[in-house]
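Enquirer: Here it is, the structure, as C-alpha cells.
Number of protein chains: 2
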Amino acid sequence: MKLAENLRIIDGWSIQEDHFREEHLITNGSNFMTGNGYLGYRGTFAEWRAPQYTGCFVSDTYDKADDTWEELCNAPNGLYGAFSADGQPLAVLNGTAMGYHRSLWYRYGLQSRSITLRTPSKAHVTLTEERFASYASQHLLPARYRIESDRPAGVELTWGIDGEVWDLNGTHLGRHKARSEGENLISVTARTVTSKLTLAVASGLRVTSAETRAETARVGSRLRRSRAAVASADNKCIFGKLKFTVEPERPAVVEQYMAVYSSNDLHDPRAAAISAVSTAQEHGYDRLWREHRRVWDAVWQDCDIEIEGDLKAQALLRFNMYHNIIATPAHTDHLPLGARGLSCQAYQGAAFWDQEIYNLPMYLYTRPQIARNLLVYRHRTLDGAREKARKLGYEGAFYAWVSGRTGEEICPSYFFTDVLTGRRIRNHFNDWQIHISPDIAYTVRRYFEVTGDLEFMLDHGAEILLEVARFLLSRVCYKPRKDRYELIRLLGPDEYHENVDNNFFTALQTQFALQSAAWAVDLLAELAPERQRELTERLGFSTEDYKQCREVAAKLFLQPADSDTGLIEQFDGYFELEDTRPRVLKERLLDPGEYWGWPNGVAVETQVLKQADVLQSIVLHRRCFTGKQMRANYQYYEPRTQHGSSLSPSVHATVAAWIGRHEAAYDYFTRATSIDLLNINKAVSGGTFIGGIHTAACGAAWQIVVHGFLGMQFCDDVLEFCPRPPTWWKRIAFPLTVRGLRLQVRLELDELRRLTVRADPGGVGELTVRCGEQERTVRPGSTAELSARG
Amino acid sequence: MKLAENLRIIDGWSIQEDHFREEHLITNGSNFMTGNGYLGYRGTFAEWRAPQYTGCFVSDTYDKADDTWEELCNAPNGLYGAFSADGQPLAVLNGTAMGYHRSLWYRYGLQSRSITLRTPSKAHVTLTEERFASYASQHLLPARYRIESDRPAGVELTWGIDGEVWDLNGTHLGRHKARSEGENLISVTARTVTSKLTLAVASGLRVTSAETRAETARVGSRLRRSRAAVASADNKCIFGKLKFTVEPERPAVVEQYMAVYSSNDLHDPRAAAISAVSTAQEHGYDRLWREHRRVWDAVWQDCDIEIEGDLKAQALLRFNMYHNIIATPAHTDHLPLGARGLSCQAYQGAAFWDQEIYNLPMYLYTRPQIARNLLVYRHRTLDGAREKARKLGYEGAFYAWVSGRTGEEICPSYFFTDVLTGRRIRNHFNDWQIHISPDIAYTVRRYFEVTGDLEFMLDHGAEILLEVARFLLSRVCYKPRKDRYELIRLLGPDEYHENVDNNFFTALQTQFALQSAAWAVDLLAELAPERQRELTERLGFSTEDYKQCREVAAKLFLQPADSDTGLIEQFDGYFELEDTRPRVLKERLLDPGEYWGWPNGVAVETQVLKQADVLQSIVLHRRCFTGKQMRANYQYYEPRTQHGSSLSPSVHATVAAWIGRHEAAYDYFTRATSIDLLNINKAVSGGTFIGGIHTAACGAAWQIVVHGFLGMQFCDDVLEFCPRPPTWWKRIAFPLTVRGLRLQVRLELDELRRLTVRADPGGVGELTVRCGEQERTVRPGSTAELSARG
C-alpha cells in the first residue's frame, strides 16, 4: 500500500521508495538509516558525499567547535563507493537512472538501494547495494554491492574513506591522517577540536578470487586491476580504484566494510578499526549478516507487537520501534539516548526529558535492562546535575535540559535566532524548564514499580530521588498569605509559554517526585536500613529534609479541576490569554520561520499551545483523573494545540483512546507515527539542518498502542488493561516483562474479545491481571483469560 | 548669558528665545508654557492651531477614546487670535518676521511673544502678546495683545475658539456646540467620548472705548467694526472679527479671556465659563494680573532658593521649580500630579512614583499642605489600588503604575511598539513594577516625620501603610531552604531589566514599608488607641499581620554590600550579565527608535542601566549606607547608566555631591535641570508626540540643591546639613518648614562658611540643627549659627 507519493509498504517490516525525489533527500536519508545504538549511518547511497548529507554519527564523541554547540562527530565515511559502467556513473542524482528502488528492512536494519542505467554501449547495468550497522559487532558497518548487466560491461569502482564530512556547528575533526594499511585496507584518523578525541575509521574491500557460485561471481574472478589507494593532499580522504568486467547472467559482488572507534572506546582506535575490518574481510558479509540477525531476532522477540487487520498501523508501529531501538545505546549505561538519535547532529545527540518519558517506557516493559541502563546514565550524570543546580543557586540535582556524556548542561542559552531581526533569542530551556528533574524521578519510581529492582534503588535510584527532591525543595516558594507552596517562573513542556507560574504538569511531577523521595527513604529504611543510613548521611539528607518533602508535597499548589466542568488551567492566568486557534496565529506570522514562543512569538499572549501539558499530565498520572476530567481537558486543549512538538500527537492519541474517541485516537496515532515518514516540514531552515529522526515520537508509538489502545498500566501491583483499539483491528499480541515475569499478551478482537495473558515458565512470583471488574492471577507457565467486552 | 543657540538667561527669573526655530516648536511650546495646576496652556502663539501643537490641558478630564489610553482632554483653544496689518498676517511661521522674541517670566508664569513685520504699505508693525494662567481664578487665562506701528496701519483680528484640537490617542471631544453668548463673548461646549464629561470653553474680548492713556490707546478708541462671531459648520470653532487702525506712537491694546470648566468641576460648566469671562471683561487684565501675582509671591516666599554666584544654576533651578509648581494640583486633594504635568497628553496626565519620590519632597519641606494633598489623593485612590491587587491575585493595595483620578490602573499592558516588527510589546510596568506601593508608604512615613501631622496619620496615612504592607506580604515568597523571604519577578526603576529577582531598591523599600506599617500600628496604639483599634478592625489587619510585617521585614533578602568593596548587586545575577557601556549598545541598534528594554532590547542581557537603582536607594536611605559604599556604587554604576530616564541625572547629582565629586555633581545638576530646555531628543517619534515637561526632573531640582549640595536631611528629629555646594557659589538661602517651624536657611560661602538657621516667630516647639559635629537648638524667633567648614 502507498504511504506517500513515493513510499510504499508491502509488509509489516519494511518501507520501499519507488522513485527518487530530491526534496526528500534529507528526510529519507534519516528514514532509511541503519544504526545500532553505537553509531547511526544515514540512508544515503555509496556514491554520495557531504552535499547529500551522508553521515555516520558516533556516540560518545562530543565536541564543541563553535563555542556554543557541543555535539557528536560525523565520522569520515568509510563506505564511500562510486561505480561506473562503461564510463557511465551508476548514480541517482544525474537523472539518467532507468530503474530506482530504495528500501529499509527494519526487521534487521538493512538499508538497500538498486539503480539501473543504460551505458553508452547500450548495456543495462543494475547496481544493488545493501548495508547494515552490525549489532553483533557495533563498530562495524558491512556493505555489499551487486552489479548485473545484460551485456559485458567494464565497471570501475572508486572506493575508500571520504573525510569531507558536513557538520552542523563548527568543524569538529582536524589533524587528519589518511593511511593505506595494506591491500584493500585503508584508514583515516582525526582529532576533535576541543574534546581532543581521536576518531579512527578503517575501510576495506573484500575481493576474493576463490568464491564463485552458480548465479553470481565474486568480483575477484574477473578482477582486472586494483590500484593502491591514494590519500588526498589534506589527508581527509583516501580512495582506491577497482576495475572489472561484468558478464550477463554473472552478477559481480563486492563487499566493503567500515569500522569506527574513538579514543573514548579504547586506547588505540586506529588499531581497533583496522582489526575490525580485517576480521570482517576474513569472515565475509554472509557470516556477519547471520550474526547480526540473531541479535535483532532476540530484540523483536522481547518487544514486537503484532497487529492483525491493519497493515499500515503494523508497519508504522514497527518502523517507529525500529528507530527507537537503533537510537538507544543499549550496550552501555553511560550514554544518553539522543532526541534525534544518531540520525544527525541536531539536538546534539543528547538526552532530553524525552529519554525518560518517551523512549524508555517501551524498554521498561520489554527489556528492563535497557531502561535500567538509561537510568544508571542519569545516576552517573548526577554530578553534572548538581553542578547545574549549584550554578543557578539551588541545591540537589537539576538535570541538564540537554544532557551529553557528563550530564553538564550543554543547552546553549541562545538556542534560536529571531528571523525578523537576526538577533539571538534567550531561550530558557536550560534554566526554567525544571520538569526534567522530577520527570527523571518519576521514571525511577515507575522503574522500581514495574521491575521491583531493589538493587537499582540502593545503588542508583534512591540517590537520584533524594537529590531531585532537594533541588525541588530549593526551587519552591512558600506564599505565607496563602499557606501554600508555589512554583514560579516555569517553562512547561508547552514551550510557547515561558515564565509562567504553577504550570500544572510541572507541579504534579514535582509533587510526585517529592513524595517519591520520602517513599524511597521509607523503602530503604524498611528493606535496607544500613544502606538508608549510609545514603542519607553521605548526601546530608536530614530528617528535616524528609519532613519538608512531605510538607511541600502536601501544600504544593496544583491548579484545581473546575468542580463543574473538570477543566484544569495549564498555569496561572492561562484562561485570561487571548483565546484563539493555531491557524489564526499562522496568519499573523511576518515570516514563516518565526519562533512562536518566547520572548515575543505569536503564541505567547494566546491560549495556543505547542503541546498540551494537562493532557501530558493525564497520560503520566491516569489514576489522578476522572473520565470527566479527561474528556473536559481533551475537548478544551485539543483545538488550541498546534503540535509544534513531535511529542504532542502521541499524547493526544492516548487520551483520545482513553475517552473513547476512536477516530481521533487513530488519527493522532497515524500522525505520531508518520512524523518522519511523511515529513513535510522543512529539513533545512535558514541554512541549518533540522532534519533527523524524532526519536521521542518513535518511542511513543509503543506507548500509544499498549498504554493507549490497550489501556495497560501497572499500578499497585496490578497489571490492568482497558482495551479500546481501532474497531477494525483483529488481533493484537505482544510480550511484556513485569516484575521478572515474561508475559505474552494477546487480545482477540472477535465477538468474544478475549484477552489472554500467558506467563512464560521460568519466572518467579505471581501477578494480578485486571480487565474491567475481572481479576486473574498469573504464575509462571499459567495463562489468564479475561473478557474485554463492555 | 546664552543657554543654547536661541535661548538666553538675563536674570534668575526668566528665559528668552531670540529667534524662532521650527525644530524647537514642540519642546519650546512646553518650556514656555503657563499653567496653574488646574490647566496648562502651551507656550504657543495666538495665531497657531493644531499643527503647531497648541494645547490647553485640563486636569480631571480623563477620557479613553481608543480603547487603550485614558488621558486628559485638550480643550478648545479660547485664546485663538490671528492678527494682520494691511493684509499682512502678523505670524511667525511665514518667515517674514523682522523681529522676534519669546519669553517666559516664570516668577509669575507670564508667557509673552513679540513679532515685527513690514506691511505691504511699508509700515513696521509689532505685535506683542502676553498671557498667564491665573492662580487667583484657576479656570481663567487672560491674554493681552499690543500692536504698534510706525505708520498708520489697518489691523484685522480674527479671534475666537478653535475647537480643532489635536489628541494623542483618539479624539476625545465630540458633540460640539459653538455659541455666540453676547457681544464679544462666545462659547464652545463638547462631550468626552467614554467618560461623558461636558467641557465648556468661553472666550471674550475686552474692547472698551473709555480707557485711554497717554502712550497707548485701547482698541475701542479707533474701533471701526466688530463683526458678530460665526460658528463653523461642524460647531467646533467659532470666530469673530475686529478691525481697527493703529496710529504711530499710539499702540493699540486688545484683551482676550478664556475660561474652561468641566462637569467634574461643577454642574453647569458653560454658565461658569461665561460668567468667568464676563467677570474678567469687567475687571480687566491689570486687576487680574495683580491678583495673580499675589499668589505667586506667596508661593516663592515659601520655597524660593536664592543662589548667589551662579546665574545659570539660579535660572535653571527656578525654571524647574516653576514647572513643578504649575504641574501640581495644589488646589485639591483628589487629583494626581502628572508625569508630564499639564504640558501635553503624554503619560496620561497621571501620577507615577515620580509624584512621591520626585515632585513631593520640595513641598514636604516648603508647603507641606500640598504634600498632604498629594498623599490624601493616594488615600482617596486606595480602592483602585485594592482592586488592582485583587485582580492580580494579591491582598491590600497595589497602587497603579499610572494613576488617574480614581486610582485604577490606566497603564496599558502594551505600552510600546517594537519598531523592528511593528508588533506591540507587553511591558510589565503595570504588574511587575511593584515598588510604587512601598514608595508611597515611604513618603507617608517621611511626611509624618517632617510634619508631625498626626491627624493625617489617623485619617489617611496609617490606612495606606497597612494596606501597602498587606499587599507586600502577599507578594513576597518564602524560600524554605534559605529561611528568607524573597521578591521574585520584579521590574525596578531600571526598566531595562524586567523579570528580575530581589531588585535591591524594591527590597529596601519593601522592608521599610513593612517596618513602617508595624511602626504605624505602634504609633496609633500609643497616641490614639481607639483609632488604632477602629482602623485595624475595619481593615481586618490582625495581630498576625502585624507579626508578619516584623518577620518578613527581618528576613527579607537584601543584596548584601560586598564586605571588601562595598558594592551592591542591583538584582540577582546582575554582575553576570555582559559588562558593556551605553555607547556600545547604541551601535547595536538596528533602528534608533528601538526600545532598549524588555523583551529583547539591546540592554536586557547587559549591565547597562536605564537608571541606577542602587544609587536611587542611597538617595532615599542615606543613613543605611557608608561613605565607602556610596563611592563604590557610584563608581560602578555611573559608567553603566544610560540615563534613559529623566529621573536618572538628579540621583547621580545627589550621590556625586555626597561623595565629594563636585564637578560630576554640578554636571549632573545641569543635565537634570536642562532636560527640557536643551531637549535634543525627538519630540515626535513614529508620529506620536512624546514631548512635554519632564516634571519629575523639575521636582528633583530642589532636591539636588537642598538634599544634595546642602546635604540636608531630617532624621530622628534632627535637621542635619552637610554642605558641599559648587566651589564658586557665594551664598545659598532658602526657607524650610519643618515640624511647623518656618526656617530661613542661609549658607555663606565665604571663608567662614557660616550656616545660619533662623526660625520665624510664631511657630511652636524647637528643633535640633546639626552640621558636622555641631548641634544647635532653634526656637521660634531664634537663630542658630553653625560652621560648615571641613
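So the protein sequences, as listed, match chains Z and D. Residue numbers for the first sequence follow my numbering, beginning at 1 and rising by one. Residue numbers for the second sequence follow my numbering, beginning at 1001 and rising by one. All residues carry an ideal CB built from backbone N, CA and C; glycine is no exception. Every value quoted in this text rests on a predicted model; they were computed, and no experiment measured them.
1. Mapping DSSP to helix, strand and coil, what is LEU590 (chain Z)?
2. Starting from LYS1628 (chain D) and walking both ways along the alpha helix (DSSP H), at which residues does that stretch end?
3. Using DSSP with H/G/I as helix, E/B as strand and the rest coil, what is LEU1072 (chain D)?
4. Which partner residues does ALA561 (chain Z) have in the DSSP bridge list?
5. Could you round the C-beta distance between TYR668 (chain Z) and HIS652 (chain Z) to whole angstroms and report it? I think they count as a contact, below 8 Å.
6. Exposed or buried, TYR414 (chain Z), counting other C-beta atoms within 10 Å across all chains shown (16 or more means buried)?
7. Can you say whether ALA1214 (chain D) is buried or exposed, counting buried as having 16 or more other CB atoms within 10 angstroms of its CB?
8. Apart from the five residues just before and just after THR1068 (chain D), which ones in its own chain have a Cβ nearer than 7 Å to its Cβ?
9. Across which residues does DSSP place ARG776 (chain Z) in a beta bridge pair?
10. Would you say PRO1480 (chain D) faces chain Z, with C-beta separation under 8 Å as the test?
11. Run through the DSSP bridge pairs and tell me what VAL1058 (chain D) is partnered with.
12. Which residues of chain Z have a Cβ atom closer than 7 Å to the Cβ of GLN1348 (chain D), listed in chain order?
13. Find the residues of chain D that neighbour ARG423 (chain Z), judging by a C-beta separation of less than 7 Å, and give them in chain order.
14. Indicate the three-state DSSP secondary structure (helix, strand or coil) for SER516 (chain Z) in the structure shown.
15. For the alpha helix (DSSP H) holding TRP300 (chain Z), just list the boundary residues, first then last.
16. Name, please, each residue of chain Z whose Cβ falls closer than 7 Å to the Cβ of ASN1499 (chain D).
17. Would you check if the stretch 102-120 of chain Z and the stretch 74-87 of chain Z touch, i.e. whether three or more CB-CB distances between them fall below 8 Å?
18. Under 8 Å, Cβ to Cβ, is there at least one residue of chain Z near GLN1433 (chain D)?
19. Please report the Cβ distance between TYR496 (chain Z) and VAL619 (chain Z), rounded to the nearest whole angstrom; I am assuming they are in contact, meaning their Cβ atoms lie under 8 Å.
20. Pick from Z:GLY691, Z:HIS101, Z:PHE721: whose alpha carbon is nearest that of TYR53 (chain Z)?
21. Distance cutoff 8 Å, beta carbons only. Does LEU199 (chain Z) sit that close to anything in chain D?
22. CB PRO1493 (chain D) to CB PHE1505 (chain D), shorter than 8 Å?
23. Note down, in chain order, all residues in the stretch 1561-1572 of chain D with a beta-carbon under 9 Å from any beta-carbon belonging to chain Z.
24. Which of the residues in the stretch 527-557 of chain Z, read from start to end, lie with their CB under 8 Å from any CB of chain D?
25. Give me the DSSP bridge partner(s) of THR1034 (chain D).
26. Within 10 angstroms of the Cβ of VAL778 (chain Z), are there 16 or more other Cβ atoms? Answer buried if so, exposed if not.
27. In chain Z, which residues lie with their C-beta within 9 Å of the C-beta of LEU1491 (chain D)?
28. Assuming GLU1255 (chain D) contacts ARG1144 (chain D) under a Cβ cut-off of 8 Å, what Cβ separation, rounded to an integer in Å, is found between them?
29. Counting Cβ pairs closer than 8 Å, one from the stretch 419-433 of chain Z and one from the stretch 1433-1440 of chain D, do we hit at least three?
30. If I follow the unbroken alpha helix (DSSP H) through VAL619 (chain Z), where does it start and stop?
31. CB ASP1234 (chain D) to CB ARG1049 (chain D), shorter than 8 Å?
32. Going along chain D in order, which residues have a C-beta closer than 7 Å to the C-beta of SER474 (chain Z)?
33. Using only alpha-carbon positions, find the residue among D:CYS1073, D:ALA1656, D:TRP1401, D:TYR1485 that is nearest to LEU1558 (chain D).
34. What would DSSP say about PHE1721 (chain D), mapped onto helix, strand or coil?
35. Report the three-state DSSP secondary structure of GLU183 (chain Z) (helix, strand or coil).
36. So CYS549 (chain Z) is in the alpha helix (DSSP H); what residue range does that whole segment cover?
Expert: Let me lay it out:
1. coil
2. 1627-1637
3. strand
4. Z:ILE568
5. 4 Å
6. exposed
7. Low per-residue confidence applies at ALA1214 (chain D): pLDDT is 40, beneath 50, and the placement is therefore not dependable enough to give any value.
8. ASN1169, PRO1412
9. Z:VAL769
10. yes
11. D:LEU1039, D:CYS1073
12. Residues of chain Z passing the Cβ test: none, with the nearest at roughly 23 Å.
13. ASN1600
14. helix
15. 285-303
16. ASN499
17. yes
18. no
19. About 19 Å separates the two Cβ atoms, so there is no contact after all.
20. Z:GLY691
21. no
22. yes
23. ASP1572
24. GLN548, VAL552
25. D:TYR1041
26. buried
27. Within 9 Å Cβ-Cβ: nothing; LEU1491 (chain D) doesn't reach chain Z, min ~13 Å.
28. 5 Å
29. no
30. 613-620
31. no
32. ARG1481
33. D:TYR1485
34. strand
35. coil
36. 543-555
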